[in-house]
Each structure stands twice: as structure tokens, then as C-alpha cells.
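Chemist: Which chain is which? The protein sequence lines are A and B, in order. For the first sequence, our numbering begins at 924 and goes up steadily by one. For the second sequence, our numbering begins at 924 and goes up steadily by one. Pasting in a structure now, in C-alpha cells, and then I'll have a few things to ask.
Protein chains: 2
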Amino acid sequence: MNAGRTARERARAELTQEIKDEARRQLAVSGAGGLSLRAVSRELGMVSSALYRYFPSRDELLTALIIDAYNSLGESAEQAEAKVPSTKLRDRWLATCHAIRSWARTRPHEYALIYGSPVPGYQAPMDTVAAASRVPLLMIGILRDANTVGALDMPKDDRPLTPILAAQADALAESVAPDLPPPVLISALTALTQIFGMLSFELFGQLVGSVDPSDEFYAASAERMADLVGLP
Amino acid sequence: MNAGRTARERARAELTQEIKDEARRQLAVSGAGGLSLRAVSRELGMVSSALYRYFPSRDELLTALIIDAYNSLGESAEQAEAKVPSTKLRDRWLATCHAIRSWARTRPHEYALIYGSPVPGYQAPMDTVAAASRVPLLMIGILRDANTVGALDMPKDDRPLTPILAAQADALAESVAPDLPPPVLISALTALTQIFGMLSFELFGQLVGSVDPSDEFYAASAERMADLVGLP
DNA sequence: CGGTATGGAGAGCGGTGCTCTCGCTTGAGA
DNA sequence: TCTCAAGCGAGAGCACCGCTCTCCATACCG
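Put into C-alpha cells, the structure is as follows:
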């Protein structure tokens, strides 16, 4: 791609990428706990200490993989959503939901890396939050589009938000979508937790014996969540 | 408690328990990945190889902890639910939901053990499913009680189940609650995934910066889920 | 062209899960 | 009551891990 200026810089970029690729390959086989720097370096034909020129620790490698995973998921979702005509609001929502599931099912270990138990003693650095926000922001974007054309149903007031929750909704709205009625964000958050709750159950084997395969359960929920957030 | 017949058997039972206790203590500090047999044995004043007389491998120890965790969660939920008068159906549901969250928040690492990413290369044995079923069965029990007294609202038919999903619901009903209308079980499953989706987001740090603390968000969802499953 | 930053190789430290062998102790059957 | 197998702890050892340090070749820059 972007030819680095010097040969050294190009080689470094390439090797960094190769390390991540090999690490991802190992991740898919043995999970995050089974990621071994020595095994990665062995596979790449170098000695383990050399790998530390590229990643100062195993955790840094994991961080890089986590950011990559968030971005990969975000990109998949964004691309799927972009394929739908922007006026078909509900279809954009559904396409996003299904893209998330497809991504998760083809990369279960990367999914586990970002939505499963945190790696022991590992603290997510700030760098991850931007990447992690792509999916939520994508879905909020759909709601904003729906709202600006007046197509967004307002949440029914049969169960109004409690004061603290309303305040949190206001703060959230202010920072992320000032044009949306705050309660909509609570609905969106409910939808998000529902989606990732289903995926975690599916991928972590908690659904075995109930709705398995869970394609239709997921699809039905995606529709239900579209109703919940007020999409037409 | 139950004095084992011989001194040896009693000592064995006690040591087994001590090992699990110490392992749980370490789990709470460093997570599942940080569980070290050597550290456990060191803390117990024995040599690491001796520990293998009690648990043939690290994974077996983890399995024991997983089963214990499921049972601990199940028991907490059952006790909280039992405290509510059995006619107050909605309160029984809410008490169960909140007991689950309390348990999870006081033992985040044990929660991660059972509802987080599966341990790499670890396959849950059959022994776990009975323990894992306690919470779902408890909630279904509330719905059955509500149904027998005719207090359970049927799911609205504005979005009827697709054929495959309906068949899965039938199968599920037959195996676990023949007296309930099958669609209710789909709603219950939705509620379950919602609850554990929220908890995973909360405990795994995905909610930081949105609804944090999430007490009210959770409480509101518990109510909403009670509505969803048709509780009065 | 010379000096310096870069990065690979190798040895080594303390840790891990797990195995095996060696004895001591316990307890059940003859 | 004696005997002998089973139970169990200790210790050494294997192959692996993350990580550090030192050494040296090489690619780059002034």
C-alpha cells in the first residue's frame, strides 16, 4: 500500500502486520489465553526476543488485536449498512444487526476478545474507545436520520424514565446525539445489550439445547429491537 | 457437616474444599487466566504435585469452580425469590433479576467464569448444565405459577413467530414447561439474554461513559422484561 | 564516510502445568 | 492383630511461558 519511506520502515510495518496476522491465527485456534509470543515468533522464523522490538509486551499485542477487532467489526457493520438505501431506515437497522452477527460468528475468538471476559489484569487503554464506539454510533446515526425526517416513533410513556436514568440519558444525548430525544438513547442501549447478550449466549454456548440454531431468534429480536427504538 | 466415615475421607473432603476456596480467592484477584495451581498449593503449604491428588488438572479445578458458581448464583436467586410471597408474581420476577445482579457484582470474576468467554480449549462437561439451568428454571417457574392462576398476559400477536422459531419454542416448551404457551418461552429467553447482556456490559466495562452506574437502567429493564413476558 | 539508531540472536531468570518416582501413613481384610 | 495395598505428600524434572539483557550486524543520516 503506502510505501514507507525507507526500506527499514516498510519492513517494520510489514512485520508488524505479519505478527498480528499470525497472532490472530493463533487466537482463532487457542483463544486469548493461548496466545503465546514465543509461538508467534517461532512461526515467523524469528527468535522470541526479536518480537519485543515490535510489541513491548503480550498485553500490547492484545491491545492491538482488540483495536483491530473493534475496527473490523465496525467496518463490516458500516459497509453492510451503507449498502442499504438511506431512506430504508428499518432495513439499515436490520442490516447492521445481521452484519454484527455474521462478523461475530466468523471470528468467535475475536468477538470473545472484545465482548467476553476482560483479559486478566489487562486494562483497556483509551485508544480502544474510539474503535469500540463505531457500532453504537452507527446505530445512533440511523436513529438520527429517522428523527430528522420525522419517522422516529417516540418511546411510549407508559413507563417514564426515573429521574436519575433521565439525567443519564440527557448527558448521553448531549455528548453523542443532541438532536435525539434522550429516552431514545436508553432504548438504543437496551437494543445494544440485547444484541450482544444474544450473541454472547450463542457464541459462548449458553443457548445450546434451547433455540439452536438461533438465526430466527436473532432475526426476530432484531425486528423487535427496531420496534423498540421506534423505527418505522 | 457430614462427618466422613474415615479420617482420611474427612481430610480429603476438607482439603478439596480448601483448595477450591483458595482458588476462588485467587480468581477474585487475577481472574481465570491467573489461576495458578502452584500458587494455590503454595498458599496451602503443600507442594504443587500434591494438588494433583485432588484435581487431575487445572481444567478440572476450573470445572469445579464453574459448577460451584452456577450453584451459588442459582441459590442466591432462589433464596431471594422465595422471600417474596408467592402471589406477588411480578415482585418475584424483579427479586430474581436483582438477586442475579447483586450476585454478579459481588463476584465479577465468578460471573466472568460462567458467562464470559469460555476458557480456551475447555469443553463444559454435562455436570454443568443442571447447575446452569437453575436460574432459567426459576424464572420459568414464576411464569408457570402466573399462568396457572390465569394472570399471565399472552404475547401480543403483532409479530407472530416464524415457523422454525415456533417449532423451537414448541420443543423447548415440551421439554421444560409443557403447561406454558410456547411463545412465552421465547419472551423469557429474550428477557434472559437481555439481563445477562446488560450484566456483561456492566461488568466488562462496556457501559463506562454511558449509563454508569447502571442501577436504574437495570431496574428499568427488569420492569420492561416483566412486561415483555406478560407478568401483571 | 563515520557515527548512530535499529533490530535480530542468544543466554538466562523466574514462573507455569504436569509427570514420575520415592517413601511414609492409613485403613481394610485375612 | 498383622499385612499389604491404597492413599498421599515431597521432590526432581520436563517443556513451555513472558520478559530482560547483552552482543553484534546492518541500515540509515548528517
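C-beta atoms are modelled at their ideal positions from N, C-alpha and C, and glycine is treated no differently. Predicted model only: the values in this text are computed from it and were never measured.
Output needed in chain order: residues of the stretch 981-1005 of chain A with a Cβ under 7 angstroms from some Cβ in chain B.
Modeler: Of all residues in the stretch 981-1005 of chain A, none has a Cβ within less than 7 angstroms of some Cβ in chain B.
Chemist: Counting pairs of beta carbons, one from the stretch 1048-1064 of chain A and one from the stretch 989-1002 of chain A, are three or more of them closer than 8 angstroms?
Modeler: The answer is yes - the stretch 989-1002 of chain A touches the stretch 1048-1064 of chain A, with three or more Cβ pairs under 8 angstroms.
Chemist: Between the stretch 1139-1148 of chain A and the stretch 1054-1062 of chain A, are three or more C-beta pairs nearer than 8 angstroms?
Modeler: With the cut-off at 8 angstroms, the stretch 1139-1148 of chain A and the stretch 1054-1062 of chain A do not touch.
Chemist: Could you tell me if A:P1105 is buried or exposed, where buried requires 16 or more neighbouring beta carbons within 10 angstroms of its beta carbon?
Modeler: In the first sequence, counting from the first residue as 1, residue 1105 of chain A sits at position 182. Under this definition A:P1105 is a buried residue.
Chemist: Residues in the stretch 1075-1086 of chain B with C-beta within 8 angstroms of chain A's C-beta atoms, listed in sequence order?
Modeler: Going along the stretch 1075-1086 of chain B in chain order, one finds R1082, L1084 and T1085 with a Cβ nearer than 8 angstroms to chain A.
Chemist: Start and end of the alpha helix (DSSP H) containing B:D1014?
Modeler: Position 91 of the second sequence, counted from the start, is the residue given in the question as residue 1014 of chain B. Per DSSP, B:D1014 belongs to the alpha helix (DSSP H) from L1012 to T1029.
Chemist: Can you check whether the C-beta of A:L960 is within less than 8 angstroms of a C-beta belonging to chain B?
Modeler: Residue 960 of chain A sits at position 37 when you count from the first residue of the first sequence. A:L960 does not count as touching chain B.
Chemist: Just reading off the alpha helix (DSSP H) that B:K943 is part of, what are its end residues?
Modeler: As a first step, residue 943 of chain B must be located in the second sequence, where it is residue number 20. Its alpha helix (DSSP H) spans residues A930 to S953.
Chemist: Under 8 angstroms, do A:E1146 and A:S1137 count as touching if we go by C-beta distance?
Modeler: Along the first sequence, read from residue 1 onward, the residue named residue 1146 of chain A stands at position 223. Along the first sequence, read from residue 1 onward, the residue named residue 1137 of chain A stands at position 214. No.
Chemist: Are the C-beta of A:L1112 and some C-beta of chain B separated by less than 8 angstroms?
Modeler: For the purposes of this step, residue 1112 of chain A is taken as the residue at position 189 of the first sequence. At least one chain B Cβ lies under 8 angstroms of A:L1112.
Chemist: Start and end of the alpha helix (DSSP H) containing A:Q1117?
Modeler: In the first sequence, the residue the question calls residue 1117 of chain A occupies position 194. A:Q1117 -> alpha helix (DSSP H) spans P1105 to L1126.
Chemist: With distances taken from CA atoms, which of A:L985, A:P1008 and A:L1012 is nearest A:D1076?
Modeler: Residue 1076 of chain A sits at position 153 when you count from the first residue of the first sequence. Comparing Cα positions, the closest option is A:L1012.
Chemist: Just mark B:Q940 as buried or exposed, buried being the case when its beta carbon has 16 or more other beta carbons within 10 Å.
Modeler: Numbered from 1 along the second sequence, position 17 holds the residue referred to as residue 940 of chain B. Its Cβ having fewer than 16 others within 10 Å, B:Q940 is exposed.
Chemist: Compare the Cα-Cα distances from A:S1123 to each of B:S1040, B:T1085 and B:L1154 and report the closest residue.
Modeler: Locating residue 1123 of chain A in the first sequence gives position 200, where the first residue counts as 1. It is B:S1040 whose Cα lies nearest to the Cα of A:S1123.
Chemist: For B:P1031, count neighbouring Cβ atoms within 10 angstroms of its own Cβ and tell me buried if that reaches 16, exposed if not.
Modeler: Position 108 of the second sequence, counted from the first residue, corresponds to residue 1031 of chain B. B:P1031 comes out buried.
Chemist: Comparing alpha-carbon positions, which option in A:V1107, A:G1073 and A:A1074 lies nearest A:L1084?
Modeler: Position 161 of the first sequence holds residue 1084 of chain A. Closest by alpha carbon: A:V1107.
Chemist: Can the beta-carbon of B:L1066 be found less than 8 angstroms from the beta-carbon of B:L1112?
Modeler: For the purposes of this step, residue 1066 of chain B is identified with residue 143 of the second sequence, where counting begins at 1. For the purposes of this step, residue 1112 of chain B is identified with residue 189 of the second sequence, where counting begins at 1. Contact flag unset, no.
Chemist: Can you check whether the C-beta of B:E1139 is within less than 8 angstroms of a C-beta belonging to chain A?
Modeler: Indexing the second sequence from 1 puts residue 1139 of chain B at position 216. At least one chain A Cβ lies under 8 angstroms of B:E1139.
Chemist: Helix, strand or coil for A:A962 per DSSP?
Modeler: The residue you call residue 962 of chain A lines up with position 39 of the first sequence. Three-state result, A:A962: helix.
Chemist: With 8 angstroms set as the bound, which would you pick, yes or no: does the beta-carbon of A:Q1091 sit closer than that to a beta-carbon of chain B?
Modeler: Translated into positions along the first sequence, residue 1091 of chain A becomes position 168. Judged by the 8 angstroms Cβ criterion, A:Q1091 is in contact with chain B.
Chemist: Quick one: list the residues of chain B neighbouring A:T1116, beta-carbon separation under 7 angstroms, in chain order.
Modeler: Along the first sequence, read from residue 1 onward, the residue named residue 1116 of chain A stands at position 193. Those within 7 angstroms of A:T1116 in chain B are Q1117, G1120, M1121 and F1124.
Chemist: Could you tell me whether any Cβ in chain B is nearer than 8 angstroms to the Cβ of A:A1035?
Modeler: For this step, residue 1035 of chain A is matched to residue 112 along the first sequence. Judged by the 8 angstroms Cβ criterion, A:A1035 is in contact with chain B.
Chemist: Check whether the Cβ of B:R1013 lies closer than 8 angstroms to any Cβ atom in chain A.
Modeler: Looking up residue 1013 of chain B in the second sequence gives position 90. False, the Cβ-Cβ gap to chain A never drops below 8 angstroms.
Chemist: Starting from B:R1067, trace the alpha helix (DSSP H) both ways and give me its first and last residue.
Modeler: Taking the second sequence and counting its residues from 1, one reaches residue 1067 of chain B at position 144. Its alpha helix (DSSP H) spans residues R1057 to T1071.
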